[in-house]
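Let me begin by presenting the structure, written as structure tokens, before commenting on it.
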Amino acid sequence: MKKVFGSPKSLTKVPFTYCPGCHHGIAHRLIAEVLDEFGVREKTVGVCPVGCSVFAYVFFDCDMICAAHGRAPAVATGMKRAKPDSIIFTYQGDGDLASIGTAEIVHTANRGENITVIFINNAIYGMTGGQMAPTTLIGQVTQTSPYGRDPKTMGYPIKVAEMLSTLKGVAYISRVALSKPAYILKAKKAIRKAFQSQIEGKGFSLVEILSTCPTNWGLSPIEANKWLEENMIPYYPLGEFKTPEEVS
Amino acid sequence: MKKVFGSPKSLTKVPFTYCPGCHHGIAHRLIAEVLDEFGVREKTVGVCPVGCSVFAYVFFDCDMICAAHGRAPAVATGMKRAKPDSIIFTYQGDGDLASIGTAEIVHTANRGENITVIFINNAIYGMTGGQMAPTTLIGQVTQTSPYGRDPKTMGYPIKVAEMLSTLKGVAYISRVALSKPAYILKAKKAIRKAFQSQIEGKGFSLVEILSTCPTNWGLSPIEANKWLEENMIPYYPLGEFKTPEEVS
Amino acid sequence: MLERIIISGFGGQGIMLMGRLLAYAGMLEGKNVAWMPSYGPEMRGGTANCTVLISSKEIGSPIVSHPKILIAMNQPSLDKFEPNVSENGLIILNDSLIEREVNRDDVSVIRIPADDIADKLGNSRAANMVVLGACVKKSKVVKMETIFKALEKTLAGRNQDLINLNKEALKQGAELVED
Amino acid sequence: MLERIIISGFGGQGIMLMGRLLAYAGMLEGKNVAWMPSYGPEMRGGTANCTVLISSKEIGSPIVSHPKILIAMNQPSLDKFEPNVSENGLIILNDSLIEREVNRDDVSVIRIPADDIADKLGNSRAANMVVLGACVKKSKVVKMETIFKALEKTLAGRNQDLINLNKEALKQGAELVED
Amino acid sequence: MGEKMLMKGNEAIGEAAIRAGCRFYFGYPITPQSELTAYMAKKLLKMKDAAFVQAESEIAAISMVYGAAATGARAMTSSSGPGISLKQEGISYLACAELPCVIVNIQRGGPGLGSIQPGQADYFQATKGGGHGDYHLIVLAPSSVQELVDLTMDAFDLADKYTNPAMILGDGLIGQMMEAVEFKERKKIDLPDKEGWILTGCKGREKKYIVPFNLDPYEMEKINLKIQEKYKKIIEKEIRYEAINLDNADLIVVAYGTVARIVKTVIDNAKKEGINIGLIRPITLFPFPEKIIAETSEKINKVLVVEMSYGQMLEDVKLAANGKAEINFYGRAGGVVPTQFEILTEIKKYLT
Amino acid sequence: MGEKMLMKGNEAIGEAAIRAGCRFYFGYPITPQSELTAYMAKKLLKMKDAAFVQAESEIAAISMVYGAAATGARAMTSSSGPGISLKQEGISYLACAELPCVIVNIQRGGPGLGSIQPGQADYFQATKGGGHGDYHLIVLAPSSVQELVDLTMDAFDLADKYTNPAMILGDGLIGQMMEAVEFKERKKIDLPDKEGWILTGCKGREKKYIVPFNLDPYEMEKINLKIQEKYKKIIEKEIRYEAINLDNADLIVVAYGTVARIVKTVIDNAKKEGINIGLIRPITLFPFPEKIIAETSEKINKVLVVEMSYGQMLEDVKLAANGKAEINFYGRAGGVVPTQFEILTEIKKYLT
Amino acid sequence: MAKIVIDEERCKGCELCIPACPKNIIVMSEYFNKKGYHPVKQIKPEECTGCAFCAITCPDVAIEVFK
Amino acid sequence: MAKIVIDEERCKGCELCIPACPKNIIVMSEYFNKKGYHPVKQIKPEECTGCAFCAITCPDVAIEVFK
Ligand SMILES: Cc1ncc(C[n+]2csc(CCOP(=O)(O)OP(=O)(O)O)c2C)c(N)n1
Ligand SMILES: Cc1ncc(C[n+]2csc(CCOP(=O)(O)OP(=O)(O)O)c2C)c(N)n1
Ligand code: SF4
Ligand code: SF4
Ligand code: SF4
Ligand code: SF4
Ligand code: SF4
Ligand code: SF4
Ligand SMILES: [Mg+2]
Ligand SMILES: [Mg+2]
């Protein structure tokens, strides 16, 4: 018998410290598989955000750096400009990317920096204990929207993939989910395309990954998957928003 | 004979200190006329940016405050939340709004803050002596794009009106120009609609005004108008991008 | 009098609530109290613990290096804090989840099969109250009635059944220890 | 020897270049030099000025409160700096744009119809060079040939005609003053 | 009122702020102060004429405070180390514009992302000006949850009194801790009228403006001189400290906040060993209680400064003592809280 | 090389940086340093293996520097007051991560938006840590355009030597001024190899990471202790100052940067009046030349500190003198540069 | 009948009003104002229609129109 | 023939693999692992097709699949 599924080489052996059922683990694995498949692990540097995945540096078996909250795209810009041959990806939460890091992601995308951004949209601030994210859904209860997100005072959930797709410098953007195997396989494909786009020098690529935070949603992992499918996917449609022909 | 055209009440008598032919003066006057027409001068507070128009506080005859560079929308948010009955407008350049202040404008728009933003897109940093703005055109020579803006390393000019129009919280967005009387009259109408939208509590409104900076473009005011029409308008189409039915 | 208590267990075992009830009760009895949680993401999946101080005088340092009382709700907690318990101190442990013996012989030890009792009571989440009941009875840091009062105040507005269940758990825990 | 010069006029009159040529020439002659512009947006439309220091010794303070030489290219400049010129100092003014008399009687004054001469030379923008020529000839802070060298270095790569024109303007300015 | 409540430090700040009339909170979550943000959301979102906004960043939050304060409202923001660093430009603007507001820093271990455990290494930033230019915040350092309450209320009053931003400089320990607190009836104090400077529209008067700049350096210097005069007044009138056991002490400890309360336990324990320790606990860090330290250090030659840092307040103590006493230092940092045992051991070093 | 060039301070910094091997510049325009940004654009955009990026903000710029520095490249950013304030979080990260880089602050009058004329009121921010946590930058204070060149080159070396960010603390006057400069042949110095820590992909080795945090406070304390050890070494080895006329001076002035050169003129003028003035000009502000000040102030009892601020370096001078001399102060701020006449008048006050 | 009044001290001589006037009756003057600019002036005032295009275009609010 | 290997110490008992298995042959165990979680276990291993849906779904890379 042959091993047909196991831990990718681009992951260390350290067990994830994420909560049970948290999608960060799946996203990590998919990225690692893609790095393996392209054979780029040894020239890759990953940029961790501040958020639950600040610990990603422990789990990826490639060079890693931790950026200040929201600034991963700028750090990635600095690295890529200094070493254009390396493969640079950022891994960012929705607080990190879509709130405090808005200017950085917009301008990095607009400059068409040849990097890959993995954007974990779990509709909440996980690390800090469950506050409202820019992507929190209308009516969703969080520590800072205790009576549900009210669009009148808190605005509507931001559609990052759509907004960034308006920028000309962007090569590839898609939105995927991780709540069931079929979605996970699609997510993997999207991540492949994103890295491929970088490897081919096409410019900025981003994959928005709808993910669960069972802990701060107050749901079991299975309930969380269900909530994601019933609430997030209808608001955040899955699919590709921008593709350079050669990558799609 | 009756005076059919003169300085609006909402302007002080202090002569503008802008360069000869600079459109900031026209934009100021139009806003002042609209404040006069709606009769809201006495309950208006304007937020100056950091940029050439940091001096706007001298010229508007209403309460004024100066925000840190790029933060005018956040300052406006604080003011409007504290005094919902007042009329709050920000007046921002393209460096201020579209570069350093990207996060603030995106989120203020997204929250649907009931304020009006006047956005002076002159494709350059005027105040600091002519550096590249996010809206500088491809090939345009500036202090920091001395060989012309190269989209490969500097990205494409950002279309702010278009990008912000993707956000649900936005009530009114349009783009106008000031290079000839017909455009100026249209610009006035757009500014009216933007303030009307605020007065009626419809939410966030923004008017992007294509403007000249003869000094830093290195052109005479008349040449600058021509350059604007021949280069900026084709890239930045004029028109309304978002209107609440009642305002349009 | 200065009571120094550390309560430790898995996140989700209701560790923080145990501490807060003790502190609340101490306050109701007119004492100075302080409650300090461990905090931050390292709690996630890992151990959670809190410190309670109850004192007749102003409380200085809220940091307890050497607790007089340790409540260990699971094995990692016992491993971590056992060495620090002060001489002649008291360790109350959750026998349902801790198999090993206590190594120290200069402290008193009480073993409470908390999860088993809670399961019998029909709510596995009441294990914390069982242990707390035992602790209060044994240590007398506060009176049992005051804990009841604290419970009512803390859970005010919640289901009365829940409050009653917790009281029952406290009582059953208390019955397991001698005065 | 420490020459302290202030040059002032409208933005666009080539004030900064005059100062830089003086400083450059000073450097070429082996002196210590410093050039300080007024800067920032207040220059816009308003007055621009710069300070030049030429010294045989290390230059300490680059701030000149009391210039030995003032070049005033327009009236506001004369108004602003006239009172500060040091006793026995020299004021060179652009007669084309300044109507009024100098109030001080403890300084030498030279009036140069700079714009008129420049216009005659066919380039109104060379007025600055006319005045500079007069200044160099009169004050001898540097040699005229060195100014020519400085001009060539500074405008290197530009149109040779422009350089020649400027030289001619410098010469014509020089001719207006006596040794 | 008057009833004792068991409250977490962070929540107590929130409740105190609201009772002090603060209706506008703008913040961005960060450990170990997020409970304060959550508390304000819970309360203010239910109140009339009030607003809670989770800002897109700390920079936006401080700018919102700037806007709200300019209308005369009592406004607040809170954060911890990295977030407070981001607010430095805004703080410099607030100080320059003379806008009253309250900024809470629940310090954690630094630098960088650091740890989320308690720290006191933002002292320089708070007291010397982490932002650019010459300015000062009024900096208050609570050492119990009750004091968090009292000082938060005072902070609003002081901010209004001097039209100056005030900072509560706490730490993760005090923010996370629960203690009994009482919201005492406070006597009304006379505060200057804000009408003169607030911006709410120019109805019935000339227009006004708030602009923290002047491109004419002499005018800008005047703005500076005005606020410098104010700082002098603050130094003259608002210094607060707690002094314990200063007579006949073998050694004086200077410590603030959390560390000071640990030192109080040290004092008790030391007494049992026959060692007599005094404590000066600055309650205001700016203005710093220079005089008491100067006087005391003249009498008692041994001083130990203890901080959760590598010696920041230490410099102010040295400046105050001005060579008159031997100033020693003990510090832990990065999130480590010094224990009473360590401190006592350290003290004993200097007593032999 | 060796030839004299007439250059503006800001451009001289840029040329010096490039000659020191800096190929990566990330910045955002601000007066009075924008010529530096423009110079780097002009040069680097034409060079191979180089990059100039006009960042979307100062925050992005410092983060880009952080990224580029992590690959081992020599990287630089520059700004003035408000922009430097915005970089404080990033600076704290760089210091914690021990990444070498050069940050230029061409100071202007503060606080707030301030003025754009020269200032020195960002001294505290630069030397004490405007960001959160215990850290230090190596801070160099040039006082001529030539020194701007030399210190910029040194800054890159020092940054690499100590894997620590270094700051050039200039001001608008020196940035805008033109003087003759020479780019001398520099002797090669041995710098530690970067291989051990840079991130360029893990080919042929274990993966590495740069993370300026540890949630375990004891581990975070270790990170702190390591950098504190480094600071001690820097203090021991890298202090620089210029001392003029210290023997038999009637009074010693302590001043840095632009102010120090004005004082030199004062010294000359005073001599003509028979007054003997000494000058200590710190060239490194961190590490601060404490010893020379301590020694001198023991001999010459009268000290005057002059700054374009209301007394920031003053505190370091007082700490150094430790009560041994009478320390006086004269300062202008907001963009006003003190004149030689004012300073001399001030000096005379203390000599009667 | 219509009339314009040019505030010569506010005028910066930017010339924008010149092409804006459908009647082509605005031209540059030869003299300087206090700030050193050449203000514009109106010629053939009788042809002025009071359309205000000049005033609308003026960035310095230097023109008043009467009708 | 196919086989899965569950790393019980990595497993956090999140149960996500349970519905992911088309064969319904993954269930919770009764015991705790060292971290205090109930790991899952496979029943009826002979029915396993090696489809790896369980492994793909597992956030903790706790399942290996052999075929
Ligand atoms: C400047 C700064 N502000 C705030 C924080 C606190 N903080 C840490 S993580 C985080 C947000 C985490 O949310 P998200 O980015 O959505 O990641 P998740 O944990 O959900 O994966 C915040 C606000 C910080 N560390 N630094
Ligand atoms: C934090 C900060 N960064 C930079 C500056 C310098 N600065 C002043 S205005 C300006 C940009 C001006 O350009 P824009 O916003 O387009 O306005 P304009 O002058 O063109 O009207 C900049 C970068 C500053 N004052 N503060
Ligand atoms: S808090 Fe949420 S996002 Fe963070 S590890 Fe837990 S489940 Fe995942
Ligand atoms: S610099 Fe440009 S934008 Fe600024 S006042 Fe002059 S013309 Fe207008
Ligand atoms: S009002 Fe009309 S016609 Fe008269 S001058 Fe102005 S533009 Fe010309
Ligand atoms: S448009 Fe106005 S400022 Fe320009 S020339 Fe005409 S009147 Fe003068
Ligand atoms: S490999 Fe497929 S069949 Fe086998 S246990 Fe996993 S999901 Fe079930
Ligand atoms: S999905 Fe993985 S972690 Fe979750 S229960 Fe199954 S094996 Fe365990
Ligand atoms: Mg998130
Ligand atoms: Mg602009």
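So the sequences go chain by chain: C, B, Y, L, R, H, D and U.
Reading the first sequence from the start, the letters are residues 1 to 248 in the working numbering.
Reading the second sequence from the start, the letters are residues 1001 to 1248 in the working numbering.
Reading the third sequence from the start, the letters are residues 2001 to 2179 in the working numbering.
Reading the fourth sequence from the start, the letters are residues 3001 to 3179 in the working numbering.
Reading the fifth sequence from the start, the letters are residues 4001 to 4352 in the working numbering.
Reading the sixth sequence from the start, the letters are residues 5001 to 5352 in the working numbering.
Reading the seventh sequence from the start, the letters are residues 6001 to 6067 in the working numbering.
Reading the eighth sequence from the start, the letters are residues 7001 to 7067 in the working numbering.
Quick reminder that beta carbons are idealized off the backbone N, C-alpha and C, glycines included.
Contact of I3006(L) with chain H by beta-carbon distance below 8 angstroms is absent, the smallest such distance being about 14 angstroms. Setting aside the 5 residues that flank it on each side, G1112(B) is surrounded in the same chain by G1169, G1203 and F1204, each with a C-beta closer than 6 angstroms to its C-beta; the list follows chain order. Counting C-beta atoms within 10 angstroms of its own C-beta, Q3160(L) has fewer than 16 neighbours from the protein chains shown and is therefore classed as exposed.
Contact between V5181(H) and A5012(H) holds, with the beta-carbon distance rounding to 5 angstroms and staying under 8 angstroms.
Of the other Cβ atoms in all chains shown, fewer than 16 fall within 10 Å of the Cβ of T5352(H); this residue is therefore exposed. With a cut-off of 8 angstroms on Cβ pairs, the stretch 4043-4061 of chain R is in contact with the stretch 4013-4033 of chain R, counting three or more such pairs.
In the structure shown, Y4231(R) adopts helical secondary structure according to DSSP, grouped into three states. The closest heavy atom of ligand 3 lies 6 angstroms or more from the beta carbon of P221(C). With a beta-carbon spacing of about 4 angstroms, A3150(L) and Y3024(L) fall inside the 8 angstroms limit used to define contacts. Taking 7 angstroms as the cut-off, the beta carbon of I4138(R) is found no closer than this to the beta carbon of L4251(R).
At least one heavy atom of ligand 2 is found less than 6 angstroms from the C-beta of H1069(B).
According to DSSP, V6040(D) shares a beta bridge with M6028(D). With contacts defined as CB atoms closer than 7 angstroms, I120(C) and G95(C) fail to qualify as a contacting pair.
At least one heavy atom of ligand 8 lies less than 6 angstroms from the C-beta of G7013(U). Taken through DSSP and simplified to helix, strand or coil, F5329(H) comes out as strand. DSSP places V1047(B) in the strand class (E or B) of the three-state scheme. Bounds of any beta strand (DSSP E) do not take in V40(C), whose DSSP letter is neither H nor E. Rounded to the nearest angstrom, the Cβ distance from S5079(H) to G5131(H) is 14 angstroms, too far for a contact under 8 angstroms. Assignment of S5078(H) by DSSP, reduced to helix, strand and coil, places it in the strand class. Residue pairing by DSSP places P4165(R) opposite C4101(R) in a beta bridge. Nearest neighbour of E162(C) by Cα position, chosen from Y236(C), Y125(C), K193(C) and P221(C), turns out to be Y236(C). Every unbroken stretch of the alpha helix (DSSP H) spanning 4 or more residues and falling wholly within the stretch 4274-4348 of chain R is given here in chain order: 4290-4299 and 4313-4321. CA-to-CA, the gap between G3122(L) and K5004(H) works out to about 35 angstroms.
Residues V5139, L5285 and F5286 of the same chain have their beta carbon placed closer than 6 angstroms to that of T5127(H), with the five preceding and five following residues left out of the count. DSSP places G4131(R) in the coil class of the three-state scheme, outside both helix and strand. Close partners of D5122(H) in chain R (Cβ separation under 8 angstroms): H4132 and G4133. In the displayed model, P4029(R) falls within coil according to three-state DSSP, outside both helix and strand. DSSP links R5019(H) through a beta bridge to no other residue. Here the alpha carbon of R1149(B) sits roughly 33 angstroms from the alpha carbon of D5150(H). Taken from the Cβ of A7062(U), at least one heavy atom of ligand 8 lies inside 6 angstroms.
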